[in-house]
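Each step along the sequence shown adds one to the number in my numbering, with nothing skipped, and position 97 is 97.
First the structure, in the form of structure tokens, and then the observations on it.
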Amino acid sequence: MRLENQQLNLFADVKSTSAPRTNQLVMSADALLKWKSRILAHQQRVRESQPPQQTSLFDLTPKHCDPDAIDPLTLQLVPMSFYRKPADSQGEACLYFILDSAVGLVLYVGETCRSNKRWKGIHDCKDYIASYQDLHSRYGLTTAVNAAFWWDAPVERLARQQLELKLILKWRTPFNKENWNLWGQPFK
């Protein structure tokens, strides 16, 4: 009796079976369109119902960082490849918005003090955008995902982050984690 054969056949009676793979759920075209229309309806209400501006004889300093004065859909669009261009500096403090300009949808709000470097590394939003575009492509739906920058952002980090949060909550942007409880997270 050869010892090697016995060792190799230790589990000879066990038949291997492959475990069934769970299919990844894919949002239907109808569900995608409903998801987008709910978000779009909210964002259109936000654009149409700007709060009344209170005026005062003594308030002479304008609030340039008023979240109600910032409309991401009116900013100049840049292609999503903006971060691949060579940069001479680390950039400036800004707020940035990821938009689907095909339908006028604000998908994401972010802030940075290094506008030329923020997107060069790992950024979860890049994955959400890719999944969003892939799903639209699957159903033959048009997208035009672009970025837009607002350059009057506060240089101070805390003030910039507070403004970012106000805009995230105002626009209820679906790719920001603060709004996942409202819209779900279909583009992980």
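For every residue, glycine included, the Cβ atom is placed at its ideal position computed from N, Cα and C.
Every value quoted in this text rests on a predicted model; they were computed, and no experiment measured them.
Coil, strand or helix - residue i by DSSP
i    : result
W150 : strand
P186 : coil
V26  : coil
W180 : helix
V155 : coil
S127 : Residue identity check: residue 127 is Asp in the sequence provided, not Ser. D127 falls in the helix class under three-state DSSP.
L141 : coil
T173 : coil
S49  : coil
P134 : Just to set this straight, residue 134 is Asp in the shown sequence, not Pro. The answer is helix: DSSP assigns D134 an H, G or I state.
E164 : helix
A93  : coil
D71  : coil
Test item: CB-CB of residue i and residue j under 8 Å
i    : j    : result
V109 : N181 : no
L95  : L163 : yes
L77  : A153 : no
L107 : P186 : no
D36  : V103 : Before going on, a small fix: residue 36 reads as Lys here, not Asp. Contact flag set, yes.
E92  : W151 : yes
Y192 : T143 : Outside the shown range of the chain (1 to 188) lies residue 192, about which nothing can therefore be said.
P72  : L99  : yes
E178 : L169 : yes
M27  : L158 : no
Y139 : L32  : yes
Continuous alpha helix (DSSP H) stretch holding residue i: start and end
i    : result
V106 : Premise fails: V106 lies in the beta strand (DSSP E), L105 to T112, not in any alpha helix (DSSP H).
Those residues which DSSP pairs with residue i across a bridge
i   : result
I98 : Y108 and A147
First through last residue of the beta strand (DSSP E) which encompasses residue i
i   : result
L77 : L77 to P79
Residue-chain proximity (residue i, chain D), Cβ-Cβ < 8 Å
i   : result
K36 : In the structure shown, chain D does not exist; there is a single protein chain.
So, does the stretch 122-131 touch the stretch 38-45, judging by three or more C-beta pairs under 8 Å?
Contact fails: fewer than three Cβ-Cβ distances are below 8 Å.
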